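Residue numbers (my numbering): 29 to 453.
Worksheet: one structure, shown below.
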Amino acid sequence: MCGPQYGREVLNAGPISLQQARNLHLAAQGLLTAPRARATRARVLATIARMRLLQIDTIHVVARSPYFVLFSRLGAYEQRWLDDLLTKGLIFESWAHEACFAPMSDYPLHATRREARANHWAQRNAQRMHRDHREAMDRLLAHIRDNGAAKASDFERKQKGATGWWGWKDEKRWLEAWFALGELMIARRENFQRVYDLRERVLAHAAGARDNAFTSAQAARECVFAAVRALGIAQARWIADYFRSGKKHKDSDLQMYIESGDLIRVPVRGWDAPGYVHREHLPLLLRARRNRLRATHTTLLSPFDPVVWDRSRASVLFGFDYTIECYTPGHKRRFGYFVLPILHHGRLVGRLDAKAHRAEGMFEVKAVFLQSDVKVTAALVEDVATAIGRCADWHRTPRVSVRKSDPPGFANALRAALLRIVPKA
Numbered sequence: 029m030c031g032p033q034y035g036r037e038v039l040n041a042g043p044i045s046l047q048q049a050r051n052l053h054l055a056a057q058g059l060l061t062a063p064r065a066r067a068t069r070a071r072v073l074a075t076i077a078r079m080r081l082l083q084i085d086t087i088h089v090v091a092r093s094p095y096f097v098l099f100s101r102l103g104a105y106e107q108r109w110l111d112d113l114l115t116k117g118l119i120f121e122s123w124a125h126e127a128c129f130a131p132m133s134d135y136p137l138h139a140t141r142r143e144a145r146a147n148h149w150a151q152r153n154a155q156r157m158h159r160d161h162r163e164a165m166d167r168l169l170a171h172i173r174d175n176g177a178a179k180a181s182d183f184e185r186k187q188k189g190a191t192g193w194w195g196w197k198d199e200k201r202w203l204e205a206w207f208a209l210g211e212l213m214i215a216r217r218e219n220f221q222r223v224y225d226l227r228e229r230v231l232a233h234a235a236g237a238r239d240n241a242f243t244s245a246q247a248a249r250e251c252v253f254a255a256v257r258a259l260g261i262a263q264a265r266w267i268a269d270y271f272r273s274g275k276k277h278k279d280s281d282l283q284m285y286i287e288s289g290d291l292i293r294v295p296v297r298g299w300d301a302p303g304y305v306h307r308e309h310l311p312l313l314l315r316a317r318r319n320r321l322r323a324t325h326t327t328l329l330s331p332f333d334p335v336v337w338d339r340s341r342a343s344v345l346f347g348f349d350y351t352i353e354c355y356t357p358g359h360k361r362r363f364g365y366f367v368l369p370i371l372h373h374g375r376l377v378g379r380l381d382a383k384a385h386r387a388e389g390m391f392e393v394k395a396v397f398l399q400s401d402v403k404v405t406a407a408l409v410e411d412v413a414t415a416i417g418r419c420a421d422w423h424r425t426p427r428v429s430v431r432k433s434d435p436p437g438f439a440n441a442l443r444a445a446l447l448r449i450v451p452k453a
């Protein structure tokens with residue numbers, strides 16, 4: 029059995045280079061080149077659909093992660109547009125890689141995969157919570173059914189002290205459990221607080237809902253294809269992490285998709301395992317082989333950006349060892365609390381520890397660290413300074429302070445460049 033023939037250039041060609049693989053990945057993620065058009069609500073939705081998942085995190089010393097991930101790809105845009113998409117039912121919230129926004133068209137896929145995620149910590153906690161607090165949880169669900177959508181803040185805290193999930197009060201933990209179990213969905217957010225409502229009511233008003241259903245086998249296959257499409261090129265062992273869809277795949281697990289023609293196996297120089305490209309990305313693969321995918325974008329990335337959320341993948345693809353340190357005790361941090369990777373022309377060239385002081389209009393770069401093999405050039409200084417300036421301008425913190433750097437002279441060069449740069453949206 030053999031799949032469709034893609035031509036000698038694809039099937040019989042030698043390996044692609046590591047940089048060609050990086051560029052293919054960044055093209056699929058929407059990070060290869062700077063945005064050419066102004067951001068719109070429609071482009072925000074298209075960006076989420078392209079990634080399939082937009083991870084949620086509440087830390088906002090710079091910007092909350094989902095908003096920042098979109099900024100890296102779209103440039104300046106109105107953050108309320110993301111909230112509007114949720115309220116209109118064009119996107120929804122789900123446990124996937126972690127807590128994520130996803131296009132509403134993918135709801136049937138995520139609903140089918142819920143049972144397969146039984147070992148996810150949120151699912152385990154929800155099931156335990158339902159066993160231990162069934163009567164109270166049922167009363168809470170009945171309250172929402174009779175009285176409408178609710179926030180955790182609608183309920184008074186009955187106990188003092190930190191208990192359970194992050195010290196949440198009982199009602200918050202029960203709301204989260206019903207959300208993980210699929211009985212409640214997030215109807216909207218108010219000041220980033222979740223507003224919970226019955227699944228059937230949210231879906232009834234969802235503008236982007238689809239009625240298609242998946243079998244378990246179809247959903248498992250679609251998770252593989254969706255992850256490979258979103259990543260552009262992926263080793264087998266990276267695929268399951270994208271949706272947290274189960275155990276890591278082996279090359280032998282993907283052979284059926286090679287034979288069906290859905291995936292293309294692509295060797296990459298320097299890798300100890302082949303990469304896989306979805307057939308829909310064949311044009312990108314051909315352009316990468318011909319060195320026609322040129323990486324020209326320089327931007328800051330969220331710590332929870334899909335490009336870096338898998339530490340092993342970021343290490344293999346970019347030679348970038350990245351650990352999120354905001355959950356690490358201060359004395360054990362190497363780089364800082366909220367450290368932003370720096371993407372420059374297809375490479376992760378460094379990272380910076382930043383904080384937006386909104387009241388003072390100040391964007392503070394506490395420290396910036398370049399990779400040891402990165403050569404400081406005038407172009408690099410100008411591009412990184414411009415990326416920092418645009419980020420600061422989007423935050424309405426136009427005054428930029430750069431404290432220190434490694435190498436030491438880079439901070440001085442950035443300060444001088446920032447004085448010359450007028451940030452552009």
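Note that the Cβ used here is the ideal one computed from N, Cα and C, for glycine as well.
Bear in mind the structure is a predicted one, so any value in this text is a computation, not a measurement.
The C-beta of P435 has fewer than 16 other C-beta atoms within 10 Å across all chains shown, which makes the residue exposed.
Within the same chain, W299, A301, P302, G303, Y304, R341 and V344 come within 8 angstroms of Q263 by CB-CB distance, once the 5 residues on both sides are set aside. The beta carbon of D166 lies closer than 7 angstroms to none in the same chain, with the five residues before and after it left out. Straight through space, the alpha carbons of R216 and L73 are spaced by roughly 16 angstroms. A146 and W123 do not touch by the CB rule: their CB atoms are close to 11 angstroms apart, not below 8 angstroms.
Of all C-beta pairs linking the stretch 224 to 231 to the stretch 308 to 323, fewer than three are shorter than 8 angstroms, placing the two stretches out of contact.
When G358, R257, V396 and R80 are compared, the shortest CA-CA separation from A441 is found for V396. Taking C-alpha positions only, V412 is separated from D381 by approximately 14 angstroms. Beta-bridge partners of K383 (DSSP): E392.
The three-state secondary structure of D225, taken from DSSP, is strand.
Note on F346: 16 or more other CB atoms within 10 angstroms of its CB, so buried under the neighbour-count rule. By the 16-neighbour rule on beta-carbons within 10 angstroms, A154 is buried.
DSSP places H88 in the coil class of the three-state scheme, outside both helix and strand. In the DSSP assignment, R156 falls within the unbroken alpha helix (DSSP H) covering W149 to D160. Straight across, the Cα-Cα distance linking L113 with I214 is about 12 angstroms.
Going by beta carbons, P334 and I352 fall outside the 8 angstroms limit.
The beta carbons of A208 and R80 sit no closer together than 8 angstroms. For W123, the secondary structure class from DSSP, reduced to helix, strand or coil, is strand. Taking one beta carbon from each stretch, the stretch 170 to 179 and the stretch 116 to 131 have fewer than 3 pairs nearer than 8 angstroms; the two do not touch. Going by DSSP, Y95 is part of the alpha helix (DSSP H) stretching over S93 to L102.
Less than 8 angstroms separates the beta-carbon of G389 from that of R424. Secondary structure at T115: helix, using DSSP grouped into helix, strand and coil. Beta-bridge partners assigned by DSSP to E218: Q221. In terms of Cα proximity to S280, the closest of S45, A444, V336 and L291 is L291.
DSSP places L52 inside the alpha helix (DSSP H), whose first and last residues are L46 to Q57. Annotated three-state conformation of T327 is strand, per DSSP.
Between the beta-carbon of A205 and that of M157 there is about 4 angstroms, and that keeps the pair under the 8 angstroms contact cut. According to DSSP, H373 shares a beta bridge with no other residue. Put simply, the backbone Cα of H359 is about 46 angstroms away from that of G236. Burial of A415 is indicated by the presence of at least 16 other C-beta atoms within 10 angstroms of its C-beta.
For I292, there is no enclosing alpha helix (DSSP H); the residue is found in the beta strand (DSSP E) stretching over L291 to V294. In terms of CA proximity to P426, L447 leads the group L447, K432 and Q283. A Cβ-Cβ contact shorter than 8 angstroms links P94 with L82.
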